[in-house]
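First residue of the sequence shown? That's 80 in the numbering used here, and the numbers climb one at a time after it.
The C-beta atom is built at its ideal place from N, Cα and C for all residues, glycine as well.
Here the structure is a predicted model, which is why all the values come from computation and not from measurement.
Right, one structure below, let's go through it.
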Amino acid sequence: MRPASLCFTIFGDNFRDLNVKVWVGSLIRYLGALGVTENAARVTFSRMVQQGLLEVFRNGQKSYYALSEQGKRRILDGVRRVYNWEEPRWDREWQVVVCNVSQLERETRERLRHELEWMGFGSLGRDLWVSPHKRYNALRQMLEEYGLTNRVHVFTALYEGPQFMQDDVHHAWDMEDVARRYDAFVVEFSSRHQMFHQKMVMGELTAEVAFVEWRQLVHEFRKFLFIDPRLPTELLPPDWIGNEARQLFRRHHEFLSPLAERYFYEHLELLD
Numbered sequence: 080m081r082p083a084s085l086c087f088t089i090f091g092d093n094f095r096d097l098n099v100k101v102w103v104g105s106l107i108r109y110l111g112a113l114g115v116t117e118n119a120a121r122v123t124f125s126r127m128v129q130q131g132l133l134e135v136f137r138n139g140q141k142s143y144y145a146l147s148e149q150g151k152r153r154i155l156d157g158v159r160r161v162y163n164w165e166e167p168r169w170d171r172e173w174q175v176v177v178c179n180v181s182q183l184e185r186e187t188r189e190r191l192r193h194e195l196e197w198m199g200f201g202s203l204g205r206d207l208w209v210s211p212h213k214r215y216n217a218l219r220q221m222l223e224e225y226g227l228t229n230r231v232h233v234f235t236a237l238y239e240g241p242q243f244m245q246d247d248v249h250h251a252w253d254m255e256d257v258a259r260r261y262d263a264f265v266v267e268f269s270s271r272h273q274m275f276h277q278k279m280v281m282g283e284l285t286a287e288v289a290f291v292e293w294r295q296l297v298h299e300f301r302k303f304l305f306i307d308p309r310l311p312t313e314l315l316p317p318d319w320i321g322n323e324a325r326q327l328f329r330r331h332h333e334f335l336s337p338l339a340e341r342y343f344y345e346h347l348e349l350l351d
């Protein structure tokens, strides 16, 4: 597990107020429980500051970290999508992004692609991205951050054919691969859910162990934000495995939360 991703998971899943400034010692403690060394944690924090995702504050001899505006945007979008239990409703309209990527520097092209995939857009070609969801606000903020507002065009459109929409879905997203990954998630975490229930019954489930499992669960499930666009039911195959995976995630998360939160707050120090 990448320390930066774990850090995002901790901020996004544990803080209702994303303006908090967290003592570096608390963050090191949390990441340490997840197998990240203190040195690796400090290097990660420094890189995230350089990337504009975190800001650092000093109070005497202590350092505190807070999310930047860019970091908040990424986390808010991710949290909303991870914990959105409702089935997506669709008005049969598509949001379409058009950008001539050949005019952009390679690094900018990769960052734009990464951001669009994170938001759930799929590619119908080098310059054309689509999503059945309206994400214009998050899209606009991202384009402003990268200085691309004059290089990208955004439309809302109805699909008129001549192919079936499902054909375009399979072209834009590899849903067979998404299904395979969801199936692996269900197999693994169904077993883990049963095992942790047994630990609880036997009195062997500690707050730290629950915290580690809690964070690993969210960390693994967040990966689907990059590959699963959460398509409307009309565009999915029958008995979509993603629904079962989401229900399992919710059950296991709610089971672990009380003990995991106890560990979290026992080791939390904020800058007033």
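By the Cβ neighbour-count rule, residue 127 is buried, with 16 or more other Cβ atoms within 10 Å of its own. Taking the Cβ atoms as the reference, residue 85 lies roughly 6 Å from residue 113, within the contact range of under 8 Å. In chain order, 109 place their CB closer than 6 Å to the CB of residue 89, counting only its own chain and leaving out the 5 sequence neighbours on each side.
A straight-line Cα-Cα distance of about 45 Å links residue 142 and residue 311. For residue 235, the pairing in a beta bridge is given by DSSP as 174. Remark: C-beta atoms of residue 268 and residue 331 approach each other more closely than 8 Å. Between the C-alpha atoms of residue 175 and residue 214 there is a straight-line separation of about 10 Å. Per DSSP, the unbroken alpha helix (DSSP H) holding residue 293 starts and ends at 286-301. The beta carbon of residue 297 lies closer than 6 Å to those of 88 and 92 in the same chain, with the five residues before and after it left out.
When 317, 139 and 328 are compared, the shortest CA-CA separation from residue 266 is found for 328. Annotation: the continuous alpha helix (DSSP H) that includes residue 125 extends over 117-129. With respect to the 8 Å criterion, residue 301 and residue 161 are classified as neighbours on the basis of their beta carbons. Membership of residue 278 in the alpha helix (DSSP H) is indicated by the continuous run 254-280.
Unbroken alpha helix (DSSP H) runs of no fewer than 4 residues, entirely contained in the stretch 89-113, are found at 103-112, following chain order. In this structure residue 349 is exposed. Its beta-carbon is surrounded by fewer than 16 other beta-carbon atoms within 10 angstroms. As a beta-bridge residue in DSSP terms, residue 208 pairs with 176 and 202. Assignment of beta-bridge partners to residue 133 by DSSP yields 146. Closest in alpha carbon position to residue 317, among 344, 258 and 276, is 258.
Residue range 185-197 is occupied by the alpha helix (DSSP H) that includes residue 196.
Out of 210, 196, 182 and 326, the CA that lies nearest to the CA of residue 247 is found in 210. Taking a contact as a CB-CB distance under 8 Å, the pair residue 292 and residue 347 does not count as one, their CB atoms being some 19 Å apart. Here residue 262 has 320 as same chain residues with Cβ atoms under 7 Å from its own Cβ, once five neighbours each way along the sequence are excluded. DSSP places residue 151 in the helix class (H, G or I) of the three-state scheme. Residue 183 and residue 200 have their C-alpha atoms spaced approximately 19 Å apart. Taking a contact as a CB-CB distance under 8 Å, the pair residue 236 and residue 173 counts as one, their CB atoms being some 5 Å apart.
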